[in-house]
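Mapping the sequence shown onto our numbering, position 178 (from 1) lands on 182, and the numbers just tick up by one. Positions of the beta carbon are idealized from the N, C-alpha and C atoms, including for glycine. Single-structure report; data block below.
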Amino acid sequence: MQFQKLAPSPALSIVQFSDIDAFRPVEFVADARSVPLSLANFHTARAMVQLPGCQIAVLSSFPRIVDVSYRAAHGVVIFQLENDYDVAVNGMSVDRPAFIGMRGNVDLQFVEPRGSLHAIITLGAGLRDREWFDTPDLLCPFTPTLEALATVRSITTGILQTASARPELLLEPRSALALQEGLLLAIDEMFRSGRTPDVAGRIASRGYCRLVRMIDEYVAFHAASPIYSADLAEQCGVSVRTLGTAVASVRGMSLHRYLRLKQLWSARAQLAKGSDAITVTSCARANGFHHMGEFARLYRATFHETASSTLARARGAD
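Written as structure tokens, this is what we have:
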């Protein structure tokens, strides 16, 4: 499905961004917090349809790491609409057809080495009796049959196309309920035929996610100080090797690169505010960079512009 083939309508909302600095403060899903891995040809979009008992959102994403805190009392189902994708969810690699089911309060940590096309079905209160979710507050990944997944994908894209071309069908309650019922029955079959991954892998991934959250908290608290892996490992109560394994599993990169990436994006967020009180040097030091040459080199390599250019553009927009 291509967003270019969809037009907004009274039944279909479409939002698109080609500017990362405009997108980050208003991310599409829950309270998502993305750290892009590449800004080359940046573009992201969301199409959304409201059905009587659920909401369909389709997201065109970009290379990134992202934390999302879902607060979905009645459940969420997430799947990819294309076969060519490579995603890690809470440390579990997903490089083959899969989908996620969950309800309650669930924290997800995604790594997308390249952009993906996600569908997110958020259920309303009237759909709690479908028995898709055994345990609240727990991520439940599944491997569906190819036929069941293909059916759900086809129905989902069909509903978006209908909402674009014939919005009156989505605005009429009986036809909207009929479209919703077809989607729910297809998801029923996807759950029925799906298989779950091994328990050992899921337990390991939860431990790694906990360590990454501890790293994030430590870095936020010590933003202006040099961060050393030995001190960080001691604070987390594990070895440096275990810490590195956790970051590689959950974030898809080395511990050193991850720490630097967090510091760089923190610096960019401050520069992008365009405050008259900030300078490039003070911003760099406030984010743990005490060698300006290194900061300048890493900033340009990551964002394809100088830090002073980011600051000047932000001030010019005021």
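| Check | Outcome |
| --- | --- |
| Can you say whether Arg214 is buried or exposed, counting buried as having 16 or more other CB atoms within 10 angstroms of its CB? | exposed |
| Please report how far the alpha carbon of Pro177 lies from the alpha carbon of Pro56, in whole angstroms. | 7 Å |
| Evaluate Phe114 with the Cβ neighbour count: other Cβ atoms within 10 Å of its Cβ, from every protein chain shown; 16 or more gives buried, anything less gives exposed. | buried |
| Out of curiosity, what's the CA-to-CA distance linking Val203 and Ser97? | Legend: pLDDT at Val203 = 47, less than 50; position of this residue unreliable, no value from coordinates given. |
| Following the continuous alpha helix (DSSP H) through Met52, name the residue where it begins and the one where it ends. | Unbroken run through Met52 is the beta strand (DSSP E), 48-54; no alpha helix (DSSP H). |
| Report the three-state DSSP secondary structure of Asp220 (helix, strand or coil). | helix |
| Please classify Gln20: is it buried, with 16 or more other beta-carbons within 10 angstroms of its beta-carbon, or exposed? | exposed |
| When you compare each of His122, Arg118, Asp90, Trp136 to Gly108 by their alpha carbons, which one comes out closest? | Trp136 |
| Round the Cβ separation of Tyr212 and Ala250 to the nearest angstrom and send it over; I've been treating them as touching at under 8 Å. | 4 Å |
| Might you give, ordered along the chain, the residues of its own chain that have their beta carbon closer than 7 Å to the beta carbon of Pro14, omitting 5 neighbours on each side? | Pro171, Leu175 |
| Assuming Gly278 contacts Leu315 (C-beta within less than 8 Å), just tell me the rounded distance between them. | 7 Å |
| Could you check whether Ser168 and Ala11 sit closer than 7 Å to each other, using their CB atoms as the reference points? | yes |
| Nearest to Leu183 by CA position, among Thr166, Arg196, Asp192, is which residue? | Thr166 |
| Around the C-beta of Arg75, are 16 or more other C-beta atoms found within 10 angstroms, so that it is buried, or is it exposed? | exposed |
| I need the boundaries of the beta strand (DSSP E) containing Pro177, first residue and last residue. | Per DSSP, Pro177 belongs to no beta strand (DSSP E); it is in the alpha helix (DSSP H), 177-197. |
| In terms of alpha-carbon separation, which member of Val53, Met218, Ser64 lies closest to Tyr89? | Ser64 |
| Just the Cα atoms here: how many angstroms apart are Ile296 and Cys287? | It should be noted that the sequence gives Met, not Ile, for residue 296. Cα to Cα, Met296 sits roughly 11 Å from Cys287. |
| By the three-class DSSP mapping on this structure, what secondary structure does Val203 have? | Note on Val203: pLDDT 47, under 50, position unreliable in the model; the coordinate value appears next. In the structure shown, Val203 sits in a helix (DSSP, three-state: H, G or I). |
| By DSSP's criteria, Pro145 is part of a beta bridge. Which residues make up the other side? | Ile104 |
| Do the stretch 192-199 and the stretch 146-164 touch if we need at least three Cβ pairs shorter than 8 Å? | yes |
| Straight-line CA distance for Ala311 to Lys266? | 15 Å |
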